[in-house]
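The working numbering puts the first residue of the sequence shown at 9, with every later residue one more than the last.
This report concerns only the one structure given below.
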Amino acid sequence: MRNFTVNVQLELEQERAQLLTRCTLAEQQVAEYEEFMETYIRRYQQEIMKLRKMLSEAGRAHSADGALGLEYRGPRPLPPLQDDKKLRTRYMDMRY
């Protein structure tokens, strides 16, 4: 009985040591992820501010162009679709 108790205690201590190691590694990873997120969130916020500024400036330029008769008429229409029979044939040949 005493031998059994000692073995169980050893197993539990080994498991505890493994869990402590895993916990320490997980805490380190979380800290690294938090630092990564803070860095990239800051960069994205700066990029958003830059794009908003560009959009604002473009809006002012657009209103000035409108006064000159140079208004934006939207995107150009796409060209008509052509028969893609050759493309489909080539794709079917590649599959087999």
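Using N, Cα and C, we set each Cβ at its ideal position, and we do this for glycine too.
The three-state reading of DSSP puts R84 in coil, since its state is none of H, G, I, E or B. A25 and F12 have their C-alpha atoms spaced approximately 20 Å apart. Linking M57 to R50 through their CA atoms gives a straight-line distance of about 11 Å.
Taken atom to atom, the span from the alpha-carbon of L18 to that of E55 is near 55 Å.
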